[in-house]
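Worksheet: one structure, shown below.
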Amino acid sequence: MNNTNAFPGPREVRPGVLVYPDLPGVARAAAQEFVKLAGRFIATHGMFHAALSGGNTPAQLFRLLASDEFRQSINWASTHLYWSDERCVPPDHPDSNFGMAQRELLQHISILPGNIHRMKAELPDLDRAAKDYEDTLRQNLPLNFEGFPCFDLIFLGMGPDGHTASLFPGALFPGCGDPRQTSDWVITPYVEKFQAHRMSLTLPILNAAREVIFLVTGADKAESLRSVIEGTRNPPLPAQLVTVPNGRRVFLVDESAASLLIS
Ligand code: 6PG
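Structure, rendered in structure tokens:
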């Protein structure tokens, strides 16, 4: 990430792990990377396909992308937005990942409605909704050499338990106990801790991306972040399994989350 602003430059405490002083620094670096990748992929293949993460961390990133400083640097007409996961609530529900992106980003930019690919996780037939999202991916994204749809960029967060997207430790995965085994592209796992289903891209899809950027902030994530980066957990944490073997994986983190990595 080039540092062309007053923010102090990042410290790379491990390969691909860039530490910023705080969440605003992480959000700014992520916005700069989004602009750079959008320009690159639109120039090389005419479109930019990016999946947004949920939770709270990305809100500042979305606000930056919607700001005068960044909005006009992105060709939104050639940008397609997707989601890495979604809660099983209506899009106007306060817990909706789409709803947060709508408030902080989508309603402020001139993106074509057909370029916004929402996970319809509120529908009663979740399996059908997941298959429909797989069709959306098949219709819009190129496939990689393994036959998996290939995003240009996927933003991901990570919970204190090491979950990412809606892939939680020990969650029920259809047909397998290990998320690496699924051949599905989109699943609807039941998440015990929330007593609710979620809809999520699967590991093979996350790992097929050209670039995955994790945004991780807060001291409550320090232990899991160290485990993920150093690969010390067995069974591995879900976030640890996102290795992006044929692409680039970057962690943009704040000092609190990186506290156990900074020697
Ligand atoms: C979700 C997210 C989830 C999130 C992490 C971190 O739907 O909740 O996709 O994977 O990224 O839980 O959430 P915070 O950014 O709120 O800490």
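In our numbering, the protein residues as written are 4 to 266.
Ideal placement from N, C-alpha and C gives every residue a C-beta, glycine not left out.
- In this structure, the C-beta of residue 191 stays at least 6 Å away from each heavy atom of the ligand 6PG.
- About 13 Å separates the beta carbons of residue 52 and residue 147, which is beyond the 8 Å limit, so they are not a contact pair.
- Between the stretch 220 to 238 and the stretch 151 to 159, the count of C-beta pairs closer than 8 Å stays below three; the two stretches do not touch.
- In the three-state reduction of the DSSP assignment, residue 86 falls in the strand class.
- The stretch 125 to 133 makes no contact with the stretch 204 to 219: fewer than 3 CB pairs, one atom from each, lie closer than 8 Å.
- Residue 22 is a Cβ neighbour of residue 14, given a cutoff of 7 Å.
- The criterion of a C-beta distance shorter than 7 Å is not satisfied by residue 161 and residue 34.
- Separation of the CB atoms of residue 185 and residue 205 is rounded to 5 Å, and the pair is thereby assigned contact status at 8 Å.
- Checking the 6 Å criterion, the Cβ of residue 88 is within range of a heavy atom belonging to the ligand 6PG.
- In the three-state DSSP reduction, residue 126 falls in the coil class, being neither helix nor strand.
- Assignment of residue 231 by DSSP, reduced to helix, strand and coil, places it in the helix class.
- Of the residues 75, 84, 208 and 138, the one whose Cα lies closest to the Cα of residue 169 is 208.
- Ranking 236, 228, 219 and 135 by CA distance to the CA of residue 187 puts 135 first.
- Separation of residue 196 and residue 124 (C-alpha to C-alpha, rounded to the nearest whole angstrom) is 18 Å.
- Per DSSP, residue 157 lies in no alpha helix (DSSP H) segment; the continuous beta strand (DSSP E) that holds it begins and ends at 156 to 159.
- By the criterion of at least three beta-carbon pairs nearer than 8 Å, the stretch 95 to 108 is in contact with the stretch 57 to 75.
- By the neighbour-count definition (other C-beta atoms within 10 Å, threshold 16), residue 203 is a buried residue.
- Residue 38 has its alpha-carbon roughly 9 Å from the corresponding atom of residue 74.
- The three-state reading of DSSP puts residue 107 in helix, counting H, G and I together.
- Taking C-alpha positions only, residue 262 is separated from residue 29 by approximately 15 Å.
- Distances between the C-beta of residue 132 and the heavy atoms of the ligand 6PG are all 6 Å or more.
- Exclusion of the five residues before and after residue 98 leaves 90 and 92 as the residues of its chain whose Cβ lies within less than 7 Å of its Cβ.
- Using a cutoff of 6 Å, the CB of residue 100 counts as near the ligand 6PG, since one of the ligand's heavy atoms is closer than that.
- Spatial neighbours of residue 85 in its own chain (CB-CB distance under 6 Å, excluding positions within 5 residues in sequence) are listed in chain order as 54 and 120.
- Relative to the non-hydrogen atoms of the ligand 6PG, the Cβ of residue 162 comes within a distance shorter than 6 Å of at least one.
- Within the model, the alpha-carbon separation for residue 44 versus residue 217 is close to 20 Å.
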